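Input: a single structure, listed below in structure tokens.
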Amino acid sequence: MRKTFALTAVATLLVAGSAFANPVAPSMTSNDTYAVATLSPAANAAPITVAEVEAAQRAWGNALVAIATEYERNGQAAATRLAGEVLDAAYGYNLGPVAFKPTLAYGDTTFRTTRESALAYFVGGNDRFPGDTGFALKGWRSYEIDNAAIVINGTTAISTGNVMLTNKDGETTTVNKTWGWVRDANGALRIVLHHSSLPCAPN
Numbered sequence: 017m018r019k020t021f022a023l024t025a026v027a028t029l030l031v032a033g034s035a036f037a038n039p040v041a042p043s044m045t046s047n048d049t050y051a052v053a054t055l056s057p058a059a060n061a062a063p064i065t066v067a068e069v070e071a072a073q074r075a076w077g078n079a080l081v082a083i084a085t086e087y088e089r090n091g092q093a094a095a096t097r098l099a100g101e102v103l104d105a106a107y108g109y110n111l112g113p114v115a116f117k118p119t120l121a122y123g124d125t126t127f128r129t130t131r132e133s134a135l136a137y138f139v140g141g142n143d144r145f146p147g148d149t150g151f152a153l154k155g156w157r158s159y160e161i162d163n164a165a166i167v168i169n170g171t172t173a174i175s176t177g178n179v180m181l182t183n184k185d186g187e188t189t190t191v192n193k194t195w196g197w198v199r200d201a202n203g204a205l206r207i208v209l210h211h212s213s214l215p216c217a218p219n
């Protein structure tokens, strides 16, 4: 059965290939202006490893907890400084726009392609993003990451799975999360894709 399905899928792709040879002009369903980042891998850069991806995920979780505790100890200004340092170290905003869709973002601010918009999501306090209350300020104390898949292609990598965040009251929030990384010119992994959403709850 599985082999038959595979052959059918290949045949379907081969038939569909004729459409790729004669593409139809795309129809844009939104405005025709959007952020574009053209990334070039560093010369002679080493391929990303699974261990590096897992380390980058842990660093993200540790940073989220650190921002939450910094906020409680020293206030929003201190948390904002720390969050900015995290963004500068972990995300690829220095390379161009980042494909970042946070968990609770909505409306015109659903996608956070700029550093300013990402910082506002994590810590709030920006009048340009009045709906942001600071996701990183929610009292997070620990996290678990359950990867469904990690895909590596040279100096790029993608992971998808669940992240379970636990706050100071012991309440756990699970989010479906996809990250994409590139290796920058200094050899560090940079997040250039971050999509997060709450699990679907069908009626």
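Here the sequence shown is numbered in the working numbering, starting from 17 and rising by one per residue. C-beta atoms are modelled at their ideal positions from N, C-alpha and C, and glycine is treated no differently. Being a predicted model, the structure only gives us computed values, none of them experimental.
- Item | C-alpha gap between L120 and A164, whole angstroms | The alpha-carbon atoms of L120 and A164 are separated by roughly 22 Å.
- Which one of T125, S158, G155 has the shortest CA to CA distance from D148? Looking at the Cα atoms, T125 is the closest of the given residues.
- Just curious, the beta strand (DSSP E) that T225 is in, first and last residue? Since the first residue shown for the chain is 17 and the last is 219, residue 225 is missing from the structure and cannot be characterised.
- Item | Unbroken beta strand (DSSP E) run spanning Y159, endpoints | Unbroken beta strand (DSSP E) run through Y159: 156 to 169.
- alpha helix (DSSP H) containing L135: first to last residue? Its alpha helix (DSSP H) spans residues 131 to 139.
- Message: Pop quiz: A152 and A84 are said to be a contact at Cβ under 8 Å. What is the actual Cβ separation, rounded to whole angstroms?
- Response: Confirmed, Cβ separation roughly 6 Å.
- Query: Near Y87, what residues of its chain come up, given a Cβ to Cβ distance below 8 Å and the 5 sequence neighbours on each side ignored?
  - Reply: Result list for Y87: A94, A95, V139, G150, A152, L153, in chain order.
- So does the segment 204 to 211 actually touch the segment 181 to 191, counting three or more Cβ pairs closer than 8 Å? Proximity of the segment 204 to 211 to the segment 181 to 191 falls short of the contact definition, fewer than three beta-carbon pairs being nearer than 8 Å.
- Message: Output needed for G77: all residues of its chain with C-beta closer than 6 Å, excluding positions within five of it in sequence on either side, in chain order.
- Response: Around G77: Y159.
- Message: If you follow the alpha helix (DSSP H) that G196 is in, where does it begin and where does it stop?
- Response: Per DSSP, G196 belongs to no alpha helix (DSSP H); it is in the beta strand (DSSP E), 188 to 199.
- Task: Can you check DSSP and say which residues form a bridge with R206?
- Result: Beta-bridge partners of R206 (DSSP): V198.
- Query: Which value, in whole angstroms, describes the spacing of the CA atoms of R199 and P215?
  - Reply: In this structure, the straight-line span from the alpha carbon of R199 to that of P215 is close to 30 Å.
- Item | Whole-angstrom distance between L111 and L55, CA atom to CA atom | Distance between the alpha carbons of L55 and L111: 7 Å.
- Is Y87 helix, strand or coil by DSSP? Note: Y87 maps to helix in three-state DSSP.
- Item | Span of the beta strand (DSSP E) around A115 | Run containing A115: 115 to 117, per the beta strand (DSSP E) assignment.
- Query: Hey, how far is the Cα of N178 from the Cα of V167?
  - Reply: Each residue's CA atom was taken as its position, placing N178 and V167 some 15 Å apart.
- Query: Just the Cα atoms here: how many angstroms apart are A115 and E70?
  - Reply: When rounded, the separation of the alpha-carbon atoms in A115 and E70 is 20 Å.
- Taking Cβ positions, are T129 and A51 nearer each other than 8 Å? The answer is yes: Cβ separation under 8 Å.
- Count the other C-beta atoms from every protein chain shown that fall within 10 angstroms of the C-beta of K193, then say buried if there are 16 or more, exposed otherwise. With 16 or more Cβ atoms within 10 Å of its Cβ, K193 is classed as buried.
- Message: Is it buried or exposed, A217, if we count other Cβ atoms within 10 angstroms and call 16 or more buried?
- Response: With fewer than 16 other Cβ atoms within 10 Å, it is exposed.
- Message: Report the CB separation of N183 from G203 in whole angstroms; it is logged as a contact under 8 Å.
- Response: With 8 Å as the limit, N183 and G203 do not qualify as a contact, their Cβ atoms being about 35 Å apart.
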